[in-house]
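In UniProt numbering, the protein residues as written are 1 to 200.
All remarks here apply to the structure that follows.
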Amino acid sequence: MTSDVATESRIQELEESLAELRGLLSELPEASPCTTQAAPGAPSQKEGLSLVVFSGDFDKQLSAFLLATSAAASGVPVTMFFSFWGTTALKKRTRLRGKNVLQAAFAAMLPKNANALRLSRMNMCGIGPRAMRFLMKKKNVASLPTLIETASVLGVRMIVCQMSMEILGLEVDEIQDGVEFGGAATCVQAAIKSSTSLFI
Numbered sequence: 001m002t003s004d005v006a007t008e009s010r011i012q013e014l015e016e017s018l019a020e021l022r023g024l025l026s027e028l029p030e031a032s033p034c035t036t037q038a039a040p041g042a043p044s045q046k047e048g049l050s051l052v053v054f055s056g057d058f059d060k061q062l063s064a065f066l067l068a069t070s071a072a073a074s075g076v077p078v079t080m081f082f083s084f085w086g087t088t089a090l091k092k093r094t095r096l097r098g099k100n101v102l103q104a105a106f107a108a109m110l111p112k113n114a115n116a117l118r119l120s121r122m123n124m125c126g127i128g129p130r131a132m133r134f135l136m137k138k139k140n141v142a143s144l145p146t147l148i149e150t151a152s153v154l155g156v157r158m159i160v161c162q163m164s165m166e167i168l169g170l171e172v173d174e175i176q177d178g179v180e181f182g183g184a185a186t187c188v189q190a191a192i193k194s195s196t197s198l199f200i
């Protein structure tokens with residue numbers, strides 16, 4: 001008999017505690033659903049691909065433009081910043097007139113255009129790039145000049161480093177049309193706005 005009374009008393013205490021807890025819960029504000037919207041004043045979500053193209057090797061330039069065109073075709077904003085040897089892929093001709101001795105020497109030794117770039121490995125005095133271009137044509141792979149043109153059509157932003165041009169003795173009229181010219185600050189700004197940055 002005593003145990004029954006104790007049990008009933010305990011049940012009553014639990015019910016009172018439960019009622020009190022429900023009352024506290026009802027006073028809490030409703031939880032807002034989870035959203036991906038940024039908080040007011042927060043920076044917007046980054047998007048885009050930024051490529052720093054430093055190498056003047058044919059295979060590395062090919063990789064850079066394959067990435068750039070693939071991303072641009074998928075609707076991703078792409079910026080390519082060409083520095084030092086990387087600028088040679090965008091050359092359209094070589095001009096020696098009006099340059100001092102050092103500038104003319106650099107200009108004469110640099111590849112004249114994208115088709116004259118060497119391989120990073122197995123160059124074999126120029127045989128390697130020719131063999132690779134032959135295989136690419138046989139397998140219906142777009143050539144480097146075609147990829148460069150495609151990148152321009154797809155809206156890829158191509159920027160050539162002005163300082164690199166000055167050091168290598170390159171002039172604006174030696175670079176392909178449709179490109180921009182800028183410095184390191186331009187490159188950094190593009191990288192900050194991009195979600196992915198690559199150095200090639």
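Using N, Cα and C, we set each Cβ at its ideal position, and we do this for glycine too.
Shown here for M132: same chain residues with a beta carbon closer than 8 Å to its own, the five before and five after excluded, namely F58, D59, L119 in chain order. For the pair A89 and I200, the CB atoms are not nearer than the 7 Å cut-off.
Counting along the chain, E166 sits inside the alpha helix (DSSP H) bounded by residues 162-168. By the 16-neighbour rule on beta-carbons within 10 angstroms, R157 is buried.
Taking the Cα of P77 as reference, the smallest distance to any Cα among F106, V188, L154, D177 is reached at L154. The straight-line gap separating the alpha-carbon atoms of V172 and N140 is approximately 33 Å. In chain order, I159 place their CB closer than 6 Å to the CB of E180, counting only its own chain and leaving out the 5 sequence neighbours on each side. The continuous alpha helix (DSSP H) containing L147 extends over residues 144-153. For M80, the uninterrupted beta strand (DSSP E) segment begins and ends at 78-82. Taking C-beta atoms as the reference points, S152 and G48 fail to come closer than 7 Å.
At a Cβ-Cβ threshold of 7 Å, L96 and A107 count as neighbours. Relative to S143, the option among E8, I175, L66 whose CA is nearest is L66. Counting along the chain, the unbroken alpha helix (DSSP H) around G128 starts and ends at 127-138. Contact between L168 and L110 holds: CB atoms are separated by about 6 Å, below the 8 Å threshold. The beta carbons of L102 and L198 sit no closer together than 7 Å. In the structure shown, I200 adopts coil according to DSSP, grouped into three states. For the options L135, I192, G86, R93, the alpha carbon positioned closest to that of C161 is the one of G86. Leaving aside the five residues that flank G128 on each side, the residues in its chain whose CB is nearer than 6 Å to its CB run, in chain order, L119, M122. Here the alpha carbon of T146 sits roughly 12 Å from the alpha carbon of M136.
Cβ contact annotation for S164 (same chain, cutoff 6 Å, sequence separation greater than five): S83, F84, T87, in chain order.
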